[in-house]
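Colleague: Residues 1 to 264 (our numbering) are what the sequence shown spells out, left to right.
Beta carbons are placed, not taken as given, at the ideal position from N, Cα and C, and that holds for glycine.
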Amino acid sequence: MSDAAAQVVLTETRGPVKWIFINRIERRNALNEQVANGIIAAIEDAEADPECRAIVLTGAGDKAFCAGGDLAPSATGAPFTVNPADPRNFVVKMLKRMSVCTLPIIARVNGPALAGGLGLMCACDMAVSASTAKFGTPESGIGLFPAMIMPTLQRVLPLRKLYELCITGELFTADEALAMDLVNYVVPPEELDAKVDWLLSRVVNKSPTAIRLGKIGFQAVRDMTLNQAYEFGQLMLPTMAQTEDCKEGFAAFQQKRKPNWPGK
1 MSDAAAQVVL TETRGPVKWI FINRIERRNA LNEQVANGII AAIEDAEADP
51 ECRAIVLTGA GDKAFCAGGD LAPSATGAPF TVNPADPRNF VVKMLKRMSV
101 CTLPIIARVN GPALAGGLGL MCACDMAVSA STAKFGTPES GIGLFPAMIM
151 PTLQRVLPLR KLYELCITGE LFTADEALAM DLVNYVVPPE ELDAKVDWLL
201 SRVVNKSPTA IRLGKIGFQA VRDMTLNQAY EFGQLMLPTM AQTEDCKEGF
251 AAFQQKRKPN WPGK
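In structure tokens, the structure reads:
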């Protein structure tokens, strides 16, 4: 991770979990190229650590999870700065990297998740939100549309609700987010960390190999036809059954004990 990325993205290892903090409190943790690169680097570090079992992504402070792209006139590395000779955008690069991450990523939504911040949250596998958080895609109010994050939003949000959010640009509450299955849990702000820890406790004690292969399969099946998905599944399961984790899981079940996962 570069020095610039390290300043705007902080990481902390808490047992088997890698915590990633967007550290731009003064800009409501808005996205820029350094943030995106920092998140990518932190994910790669986590995947390279054989002891890591999960990732938590959150915003530093208590004002925002991520307010989206930095709209300040003097912002550097803003999502809207494009080189016509190379239009590949760092936001898309970050979202693509998250989509192939083999570790579970949990969003700790400590405040507003707006525009690109909502896309970032949707790119996570699960989300726990403070009841005070707000969500939305307000781009239409400034002459834009959430085009880059649309593929991620479409995979999480119901279609008609997504149309409403993108066209009206209106914000919605954490309870509304829960009702549309955008987040897994909503708790008072003072209970956020406890709920995240509770969810993590249900993740890190499971087979890391099963989760890793399962996430790979989940992403693959999502873009297949129904028949292709069935064919993939009937080949994937016996492959997983040959792993050391699966053998340990069966042995532990038969011996009525907790498994000791080799992670292979």
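Along the chain, where does the alpha helix (DSSP H) containing residue 160 start, and where does it finish?
Modeller: Working through the sequence shown from its first residue, we reach residue 160 at position 160. Residue 160 -> alpha helix (DSSP H) spans 159-168.
Colleague: Let me confirm a value: residue 34 is counted as buried when at least 16 other C-beta atoms fall within 10 Å, else exposed. Which label applies?
Modeller: In the sequence shown, residue 34 corresponds to position 34, counting from 1. Buried: at least 16 other Cβ atoms inside 10 Å.
Colleague: Cα-Cα, which of 135, 187, 190 and 194 is closest to residue 165?
Modeller: Numbered from its first residue, the sequence shown carries residue 165 at position 165. When only C-alpha atoms are compared, the closest one is 135.
Colleague: Provide the residue(s) that pair with residue 129 in DSSP beta bridges, ordered along the chain.
Modeller: Taking the sequence shown and counting its residues from 1, the one referred to as residue 129 is at position 129. 109 and 186, per the DSSP bridge assignment.
Colleague: Can you find the residues in the same chain that come closer than 7 angstroms, C-beta to C-beta, to residue 97, ignoring five residues on each side of it along the sequence?
Modeller: Residue mapping note: residue 97 aligns to position 97 of the sequence shown, counting from 1. Excluding residues within five positions, the ones whose Cβ falls inside 7 angstroms are 40 and 43.
Colleague: If you draw a straight line from the alpha carbon of residue 142 to that of residue 205, how long is it in whole angstroms?
Modeller: Indexing the sequence shown from 1 puts residue 142 at position 142. Indexing the sequence shown from 1 puts residue 205 at position 205. Distance between the alpha carbons of residue 142 and residue 205 is about 45 angstroms.
Colleague: Counting C-beta neighbours from all protein chains within 10 Å, is the total for residue 129 16 or more, i.e. buried, or is it exposed?
Modeller: What you label residue 129 is simply residue 129 of the sequence shown in a count that begins at 1. By the 10 Å Cβ count, residue 129 comes out buried.
Colleague: For the beta strand (DSSP E) holding residue 17, just list the boundary residues, first then last.
Modeller: Within the sequence shown, residue 17 is the residue found at index 17, counting from 1. Residue 17 -> beta strand (DSSP E) spans 17-22.
Colleague: Please state whether the Cβ-Cβ distance between residue 113 and residue 121 is less than 8 angstroms.
Modeller: Taking the sequence shown and counting its residues from 1, the one referred to as residue 113 is at position 113. Taking the sequence shown and counting its residues from 1, the one referred to as residue 121 is at position 121. Residue 121 is positioned such that its CB atom lies closer than 8 angstroms to that of residue 113.
Colleague: Quick one: give me the first and last residue of the alpha helix (DSSP H) that residue 55 is part of.
Modeller: Here residue 55 is taken as the residue at index 55 of the sequence shown, counted from 1. Counting along the chain, residue 55 falls outside any alpha helix (DSSP H), though it belongs to the beta strand (DSSP E) covering 54-59.
Colleague: Assign residue 237 to buried or exposed, taking buried as 16 or more other Cβ atoms, counted over all protein chains shown, within 10 Å of its Cβ.
Modeller: On the sequence shown, position 237 is the one that residue 237 refers to. Label assigned to residue 237: exposed.
Colleague: Looking at C-beta atoms only, is the number of pairs between the segment 12-31 and the segment 48-60 that lie closer than 8 angstroms three or more?
Modeller: yes
Colleague: I'd like to know if the segment 152-166 and the segment 230-248 are in contact, where contact means that at least 3 CB-CB pairs between them fall below 8 angstroms.
Modeller: no
Colleague: Which partner residues of residue 135 appear in the DSSP bridge assignment?
Modeller: Taking the first residue of the sequence shown as position 1, residue 135 is located at position 135. BP columns for residue 135 point to 113 and 172.
Colleague: Nearest to residue 215 by alpha carbon, out of 95, 89 and 104?
Modeller: Working through the sequence shown from its first residue, we reach residue 215 at position 215. Out of 95, 89 and 104, 104 has the C-alpha closest to the C-alpha of residue 215.
Colleague: Can you find the residues in the same chain that come closer than 8 angstroms, C-beta to C-beta, to residue 124, ignoring five residues on each side of it along the sequence?
Modeller: Here residue 124 refers to the residue found at position 124 of the sequence shown. Answer for residue 124: 57, 98, 105, 106 and 107, listed in chain order.
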